[in-house]
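Here the structure is laid out as structure tokens; the discussion comes afterwards.
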Amino acid sequence: MSSLSFRKLVVVRCRPLSRREETAGCENILEVDDKLGQITIRNPKAPPDEPMKVFTFDSVYGWNSKQRDIYDDAVRPLVESVLHGFNGTIFAYGQTGTGKTYTMQGLSKDPEKRGVIPNSFEHIFTQISRSQNQKYLVRSSYLEIYQEEIRDLLCKDNNKKLELKENPDYGIYVKDLSSVVTKNATEIEHVMNIGNQSRSVGFTNMNERSSRSHAIFLVTVECSERGPDGEDHIRVGKLNMVDLAGSERQSKTGAKGKRLKEAAKINLSLSALGNVISALVDGRSTHVPYRDSKLTRLLQDSLGGNAKTVMIAAVGPAHKSFNETLATLRYASRAKKIKNKPRINEDPKDALLREFQQEIARLKAQLEEQGMLAKERRKRRRDSKRLSKSMAGMEEEILWEKNGDVWKMAEEAEDGRHCLIEGGDSANILTCQGSSEKLKNLNLNRRSVGDMQWDQDALEKIIEKYKVFY
Ligand SMILES: Nc1ncnc2c1ncn2[C@@H]1O[C@H](COP(=O)(O)OP(=O)(O)O)[C@@H](O)[C@H]1O
Ligand SMILES: [Mg+2]
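The sequence shown begins at 1 in the UniProt record's numbering and counts up by one.
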């Protein structure tokens, strides 16, 4: 399948019977035919002659499927498209305990069990390292929607509720959401781990919460390349990786009182997702109710809009979950019928890379100018001594001469930041929040390097340049 022709995939993954289910003598009611892409479900209460229900999907994965298989077949082409400037979304949908988090996150310690999210990091940065004549900027955000409230998982004050905003230039976005620039797979994985830690901090029943919240890991890949017109063009691809709340019905979980209200709110986002899917599938509906929930509003572009999507419906094989499994298969079957119209995002107004490039060009000019002045001064002082440096080497030479210590300290600060990210201190994450503040905030985490004037600033930005472009 070519990455560019690919639009939408709906796949189903069935996990193995758990040990508990096995000991409890649960029957397996699912049969997976991966060659035909079919899954057959048997009603455990039906008479033996009742025909079984068969569903066909783009792909189906049985109990012994490998994380790698799912990534390579279903996800890799979508991530490839994101690198080409498309938006892409991967949803994991299904009842609690069916393997959504296992599929999206997996187990990080075992390379074979790493899920979609860490595999996408590896993929993105490998592709970038192989690219030529292109410059990339990768940043990520991590948020959670719980009871229709959005929380930033990368922000220290993660109880702050964030707002959804709309802007004619950027579309829908989360105001004040942190985004972290990362330059390799290890760094972005630290970001993910920090977010995961933050998901579990301060909540007495983590399992309950995680099964009731939607988690979205967003990776934005900006790519700048010189076009035939001699101009640099920037393409921006956004990859949303969504671990949805459990789709089980309230009656089954026995939710009451506050819990019921909470369940209703979860179901608000989930049922809104269902309604959006229905409206999109219908084709005749003029109104698609994206605005009915935070989730659907946030992912508006990714549902039937300008995005490629993969829905991974997770199911369990046990007879006890017959109703839920059937509901999941029906839901996924409906989603199969949506038509998307993906297109490349070229030169969008909110590209951070453009801002960086302009800033760097300005700083370069400033450095050259300062360099010329310094050169003049030295020339006068040392009379006939001449510097035999090329313009390219000159910036660095001058910075060293101007203040060797600054450079050293800034390097230390750079190392410090790296260690801090590695050490998992979320307070020191590099953040940028809103376009005008972007560059300023990108440097916020840096240790102060004294009372330097223009040169400290410029130096930091140049370091930024090397950190950002590779
Ligand atoms: N494909 C799979 N192979 C092996 N174990 C799995 C698989 N899918 C899920 N599991 C295990 O089943 C349990 C529930 O999975 P989890 O991903 O937490 O479900 P969910 O996020 O849908 O609630 C976990 O212990 C997980 O390790
Ligand atoms: Mg989960």
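Cβ coordinates follow ideal geometry from the N, Cα and C atoms, glycine included.
Computed from a predicted model, the values in this text were never measured in an experiment.
Cβ separation of residue i and residue j, assumed to be a contact under 8 Å, to the nearest whole Å
{"i": "glycine 246", "j": "threonine 96", "result": "3 Å"}
{"i": "leucine 326", "j": "alanine 313", "result": "At roughly 12 Å, the Cβ-Cβ gap does not stay under 8 Å, so leucine 326 and alanine 313 are not in contact."}
{"i": "arginine 235", "j": "asparagine 345", "result": "6 Å"}
{"i": "tyrosine 146", "j": "serine 213", "result": "4 Å"}
{"i": "leucine 162", "j": "isoleucine 150", "result": "4 Å"}
{"i": "arginine 114", "j": "serine 120", "result": "Wrong, their Cβ atoms sit about 10 Å apart, outside the cutoff."}
{"i": "asparagine 193", "j": "phenylalanine 125", "result": "Wrong, their Cβ atoms sit about 16 Å apart, outside the cutoff."}
{"i": "aspartate 243", "j": "lysine 66", "result": "Actually they are not in contact, since the Cβ atoms of aspartate 243 and lysine 66 sit about 19 Å apart, beyond 8 Å."}
{"i": "serine 285", "j": "arginine 334", "result": "About 13 Å separates the two Cβ atoms, so there is no contact after all."}
{"i": "leucine 78", "j": "valine 310", "result": "5 Å"}
Cβ neighbour criterion (16 or more within 10 Å) applied to residue i
{"i": "arginine 13", "result": "buried"}
{"i": "asparagine 87", "result": "buried"}
{"i": "glycine 227", "result": "exposed"}
{"i": "arginine 15", "result": "buried"}
{"i": "proline 48", "result": "exposed"}
{"i": "glutamate 22", "result": "exposed"}
{"i": "aspartate 405", "result": "Because the pLDDT at aspartate 405 is just 39, under 50, the model does not fix this residue reliably, and the value given afterwards should be weighed accordingly. Exposed, because fewer than 16 other Cβ atoms sit within 10 Å of the Cβ of aspartate 405."}
{"i": "arginine 20", "result": "exposed"}
{"i": "serine 211", "result": "buried"}
{"i": "glycine 25", "result": "exposed"}
{"i": "glutamine 105", "result": "buried"}
{"i": "serine 129", "result": "exposed"}
{"i": "glutamine 453", "result": "Since pLDDT at glutamine 453 reaches only 33, below the 50 mark, its modelled position is unreliable, and the value read off the structure follows with that caveat. Classification of glutamine 453: exposed, given that the 10 Å Cβ count is below 16."}
{"i": "alanine 351", "result": "buried"}
{"i": "leucine 30", "result": "buried"}
{"i": "arginine 377", "result": "exposed"}
{"i": "proline 168", "result": "exposed"}
{"i": "valine 54", "result": "exposed"}
{"i": "glutamine 300", "result": "buried"}
{"i": "alanine 392", "result": "The pLDDT assigned to alanine 392 is 40, lower than 50, so where the model puts this residue is not dependable, and the model offers no usable value."}
{"i": "lysine 308", "result": "buried"}
{"i": "proline 50", "result": "Looking at the sequence shown, residue 50 is not proline but glutamate. By the 10 Å Cβ count, glutamate 50 comes out exposed."}
{"i": "leucine 444", "result": "For leucine 444, the predicted structure reports a pLDDT of 35, less than 50, and the residue's modelled location is therefore unreliable. A value from the coordinates is still provided. Exposed is the call here."}
{"i": "glutamate 369", "result": "exposed"}
Contact test: residue i Cβ vs ligand 2 heavy atom, cutoff 7 Å
{"i": "serine 211", "result": "yes"}
{"i": "aspartate 229", "result": "no"}
{"i": "lysine 113", "result": "no"}
{"i": "threonine 101", "result": "yes"}
{"i": "aspartate 282", "result": "no"}
{"i": "aspartate 232", "result": "no"}
{"i": "serine 243", "result": "The sequence shown places aspartate at residue 243, rather than the serine named in the question. Result yes, Cβ under 7 Å from ligand 2."}
Whether residue i touches residue j by CB criterion (8 Å)
{"i": "glycine 357", "j": "aspartate 229", "result": "In the sequence under discussion, the amino acid at residue 357 is glutamine, which differs from the glycine named in the question. Going by C-beta atoms, glutamine 357 is not nearer than 8 Å to aspartate 229."}
{"i": "leucine 154", "j": "valine 180", "result": "yes"}
{"i": "tyrosine 93", "j": "alanine 332", "result": "yes"}
{"i": "valine 116", "j": "phenylalanine 57", "result": "no"}
{"i": "serine 302", "j": "leucine 218", "result": "no"}
{"i": "leucine 239", "j": "serine 269", "result": "no"}
{"i": "isoleucine 39", "j": "methionine 241", "result": "no"}
{"i": "proline 111", "j": "glutamate 189", "result": "no"}
{"i": "serine 293", "j": "alanine 272", "result": "yes"}
{"i": "glutamate 225", "j": "glutamine 134", "result": "yes"}
{"i": "leucine 353", "j": "glutamate 166", "result": "no"}
{"i": "asparagine 28", "j": "phenylalanine 322", "result": "no"}
{"i": "alanine 215", "j": "glutamate 144", "result": "yes"}
{"i": "alanine 281", "j": "proline 289", "result": "Residue 281 is actually valine in this sequence, not alanine. Not in contact: valine 281 and proline 289 (Cβ atoms no closer than 8 Å)."}
{"i": "glycine 316", "j": "leucine 83", "result": "no"}
{"i": "leucine 298", "j": "leucine 177", "result": "no"}
{"i": "alanine 46", "j": "serine 59", "result": "no"}
{"i": "residue 471", "j": "isoleucine 70", "result": "Lying outside 1 to 470, the shown extent of the chain, residue 471 is not represented and no answer is given."}
{"i": "asparagine 158", "j": "serine 198", "result": "yes"}
{"i": "glutamate 248", "j": "glutamate 148", "result": "no"}
heavy atom of ligand 1 below 7 Å from residue i C-beta
{"i": "glycine 62", "result": "no"}
{"i": "glycine 195", "result": "no"}
{"i": "threonine 98", "result": "yes"}
{"i": "glycine 94", "result": "yes"}
{"i": "serine 18", "result": "yes"}
{"i": "isoleucine 68", "result": "A quick correction: the sequence has arginine, not isoleucine, at residue 68. For ligand 1, not one heavy atom lies less than 7 Å from the Cβ of arginine 68."}
{"i": "alanine 332", "result": "no"}
{"i": "alanine 314", "result": "yes"}
{"i": "glycine 85", "result": "no"}
{"i": "glycine 25", "result": "no"}
{"i": "glycine 246", "result": "yes"}
Near ligand 3: residue i beta-carbon under 7 Å from a heavy atom
{"i": "arginine 15", "result": "Inclusion of ligand 3 in the displayed structure is not the case, the ligand content consisting of ligand 1 and ligand 2 alone."}
Which ranges does the beta strand (DSSP E) cover as unbroken runs of at least 3 residues, wholly within the stretch 157 to 190, from first to last along the chain? 164 to 167, 171 to 174
Fully enclosed by the stretch 273 to 308, which alpha helix (DSSP H) runs are 4 residues long or longer? 294 to 298
Length-filtered (3 minimum) beta strand (DSSP E) runs lying within the stretch 211 to 257: 214 to 226, 232 to 243
Runs of alpha helix (DSSP H) lying entirely within the stretch 69 to 109, each at least 4 residues, in chain order: 76 to 83, 100 to 104
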